[in-house]
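To start, the structure itself, in C-alpha cells.
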Amino acid sequence: MTPVATSVAHLASEETLGAFGNDPWWITAIKALAIFVFLMVCVLMMIMADRKVMGRMQQRHGPNRMGPFGLLQSLFDGIKLSLKEDLIPRGVDRFVYIAAPAIAAVPAFIAFSVIPIGPEVSMFGVVTPLQLTDLPIAALVVLATAALGVYGFVLGGWASQSPYALLGGLRASAQVISYEIAMGLSFVAVFIMSGTLTTSGIVAAQSNLWFGVLLLPSFLVYLVTMIGETNRLPFDLAEGEGEIVGGFMTEYGSMKFTMFFLAEYVNMCTVAAMSVTLFLGGWHAPPGVSAIIPGANEGWLPALWWLLKFIGVMFLFIWARGSLPRVRYDQLMKLGWKVLIPIQLVWITAVAVVRMLVLDGASGAVIAAVVAGFTAATLAAFYAWLRHVRRERAEEARQRAENARRAHEDPAFGGFPVPPSTAPHYGASVLAEPPRTGAGPTPRAVPAAERSKQKGEVTGV
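Counting from 1, one number per residue, gives the positions in the sequence shown under the UniProt record's numbering.
Structure follows, in C-alpha cells:
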C-alpha cells in the first residue's frame with residue numbers, strides 16, 4: 001500500500017467518526033434545521049449587540065424603540081429591507097448579478113455543519129452527537145467553504161458594472177487570499193498537536209489542556225485573521241465607505257443587499273465557532289469547573305459551555321470595531337504577508353520539532369534546550385525587525401522634515417507649478433495692450449484660443 005493510501009485509510013478509520021452516519025434521516029433533518037435557525041437568530045442578536053455595545057462604547061443608548069430595550073430593531077430592519085423595491089441597474093450581467101449574493105451566503109451555512117457543539121446526547125430516544133456531520137478533513141472543509149464565499153463578492157462587484165463595486169470585489173479577493181494563508185497555517189499547529197483533522201477529534205484532544213494556551217501564537221494569529229477573513233473593522237477595506245462608497249455592495253439593494261449582509265454575519269459566526277473548536281476546548285467545561293460541577297462534560301450541559309465561549313469570541317468582533325480605526329490597504333497587505341505568515345512559519349517549525357522529540361521519547365533537558373534555542377532565535381529576529389522598523393520610521397521623519405524645509409524655501413517644491421513672485425502676473429504680458437503713442441491703428445483683438453495658448457507659454461500652466 002502506498003504512503004498516500006495508508007494516510008487516507010488512517011483518516012477514514014478515525015475513532016471519532018464512528019458516531020456519524022448512523023442517525024435516522026429525521027434526526028439529521030432536525031440537526032440541519034436547528035443549525036439554520038441558530039445561525040439566523042445569531043445574526044439578529046449579533047446585529048443588535050453590535051449596535052448596543054457600540055452605543056455604550058460611544059456613550060449613547062443605541063436602538064431602544066422597537067420592542068423591549070430595542071431587541072426587535074434588527075427584525076424590523078430585515079422586514080423593511082425585504083419590502084424595498086428591487087432594482088437592477090441597466091447594463092449589468094443579470095444572471096451573475098442575481099446569483100452573487102447567494103454564492104456568498106450559502107457556503108457560510110455549509111461550513112457550520114462540521115462544528116461540534118456537544119457530546120453524544122439522547123434526542124427523541126436516539127443517541128447522537130451534537131454535530132451534524134464530521135469528515136476526515138473537516139477542518140479543511142471550513143477553509144474551503146470560506147474561500148468559496150469570496151466568489152460571490154468578486155462576481156457581484158464585476159457584474160455590477162461599477163468601478164467602486166469592482167474595486168471592492170478585487171480588494172475582497174486579495175484580502176481573503178492573504179489572510180486565508182495565515183489562517184490555514186494557524187490550523188497546522190493544531191493538526192500537529194492533535195494528530196487529526198476531524199473537528200470532533202480536535203475537541204477530544206483538548207480534554208486536559210486547551211490549545212489556546214498550548215499554542216498561544218497560533219491562537220493570536222487566528223484572532224487577527226478571522227477579522228480579516230470576514231471584512232470587519234479595522235479590515236473592512238472591501239467596503240470602505242470613505243473610499244469606494246460601499247464596495248461590492250454599492251449597486252445592491254433590497255433582499256440582495258440583505259443576502260450579502262447575512263453572509264458577513266454568518267461568516268463571523270462560523271469563524272468564531274471554529275476558534276472555540278480549535279483553541280478553546282470546544283464543548284469542554286473551563287478548567288476546574290468539572291471538579292466543582294459533577295457531569296459538567298456530559299449530556300446537554302457542555303452545549304452551554306460552548307455557547308458561552310462562542311459569545312465571548314463574538315464580542316471580540318464588536319470590541320475591535322469600536323476600538324480600532326480602519327487601516328490603509330498597504331498596511332493590511334503588509335500585516336498579512338510580512339508579519340502573520342512569517343510568524344506562523346517559524347512557529348509551525350518549532351511545534352513540529354518539539355512534537356517529534358516528544359514522540360521519539362527525548363529527555364526533558366533536550367526539549368527544553370530546543371525550546372530555548374527557538375525562543376532565543378525568535379527574540380533575536382524580532383529585535384532585528386524592530387530596529388529595521390525604527391530606522392525606516394527615522395528615515396521617513398527625516399525625509400518629511402527635509403520636504404517641509406524645502407517647501408518653506410521654495411513655494412513650487414512638491415506641488416503644482418506656481419509662478420515666482422518676480423514673474424509677471426498671470427497673462428499680464430499677453431492680455432495687456434502696449435502703450436499707445438499718438439494716433440495709430442487700433443490693436444488687433446486677440447482671439448480667446450490664442451490668448452489661452454500664449455498664456456500657457458508664459459506661465460507654464
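C-beta atoms are modelled at their ideal positions from N, C-alpha and C, and glycine is treated no differently. For clarity, every value in this text was computed on a predicted model and none was experimentally measured.
TODO: Counting only the same chain and skipping the five closest in sequence on each side, list residues whose C-beta sits under 8 Å from that of Gly-322.
DONE: Answer for Gly-322: Val-53, Met-54, Met-57 and Gln-58, listed in chain order.
* Could you check the C-alpha separation between residue 522 and Val-266 for me, to the nearest Å? => The shown model of the chain, from 1 to 461, leaves out residue 522, and the question about it has no answer.
query: Who does Pro-122 pair with in a DSSP beta bridge?
result: The residue asked about is misnamed: residue 122 is Ser in this sequence, not Pro. Paired residues: Val-127.
State the DSSP-derived secondary structure class of Ala-362, mapped to helix, strand or coil. coil
Checklist entry - Where does Asp-93 sit, in a helix, a strand or coil, going by DSSP? => result coil
Could you pull the start and end residues of the alpha helix (DSSP H) that Gly-55 belongs to? 25-57
Compute the Euclidean distance between the alpha carbons of Ala-327 and Arg-391, then round it to the nearest angstrom.
-> A quick correction: the sequence has Val, not Ala, at residue 327. So the alpha carbons of these two residues sit roughly 22 Å apart.
| In this structure, does DSSP put Val-458 in helix, strand or coil? | Residue confidence for Val-458 is low, a pLDDT of 46 falling below 50, so the modelled location carries little weight; the figure read from the coordinates is stated next. Here Val-458 sits in helix by DSSP.
Residue interval of the alpha helix (DSSP H) (run including Lys-309) = 301-323
- Task: Taking 8 Å as the threshold, find out whether the region 340-355 comes into contact with the region 69-76 through three or more Cβ pairs.
- Result: no
Checklist line | Within 8 Å, strictly: CB atoms of Thr-277 and Val-203 | finding: yes
Just to confirm my understanding: we take Ser-254, look at its own chain, exclude 5 residues before and 5 after, and list those with CB closer than 6 Å. What are they?
Within the same chain, Ser-254 has close Cβ partners Lys-84 and Asp-86.
Q: Below 6 Å CB to CB, which residues in the same chain sit around Val-176 once its five sequence neighbours on both sides are set aside?
A: Val-150
Could you name the residues of the same chain whose beta carbon sits closer than 6 Å to that of Leu-431, not counting the 5 residues immediately before and after it, in chain order? For Leu-431, the predicted model reports a pLDDT of 47, less than 50, meaning its position is unreliable and no value from the coordinates is stated.
Less than 8 Å between the C-beta atoms of Pro-107 and Leu-170, yes or no?
Taking 8 Å as the Cβ cut-off, Pro-107 and Leu-170 do not qualify as a contacting pair.
query = Of all the CB atoms in chain C, is at least one closer than 8 Å to the CB of Pro-89?
reply = The structure shown contains no chain C; it holds only a single protein chain.
Give me the Cα-Cα distance between Gln-331 and Ile-192, rounded to the nearest whole angstrom. Taking the straight line from one Cα to the other gives about 31 Å.
Identity of the residue in Met-66, Leu-386, Ile-137 and Ala-104 nearest Lys-80 by Cα
Nearest to Lys-80 by alpha-carbon distance, out of Met-66, Leu-386, Ile-137 and Ala-104, is Met-66.
Taking Ser-160 as the reference, which of Ser-207, Ile-137, Tyr-97 and Pro-217 has the closest Cα?
-> Tyr-97
Hey, could you find the ends of the alpha helix (DSSP H) Gln-73 is sitting in?
73-83
**Asked** What number of angstroms, rounded off, separates the C-alpha of Ala-365 from the C-alpha of Ile-227?
**Response** 39 Å
Task: DSSP-derived helix/strand/coil call for Tyr-252 - done: coil
message: Below 8 Å on the Cβ atoms is my contact criterion, and I expect Pro-101 with Gly-152 to pass it. Report the Cβ-Cβ distance as a whole number of Å.
response: 6 Å
- Do you know offhand how far Leu-209's Cα is from Ala-285's? In this structure, the CA atom of Leu-209 is about 11 Å from the CA atom of Ala-285.
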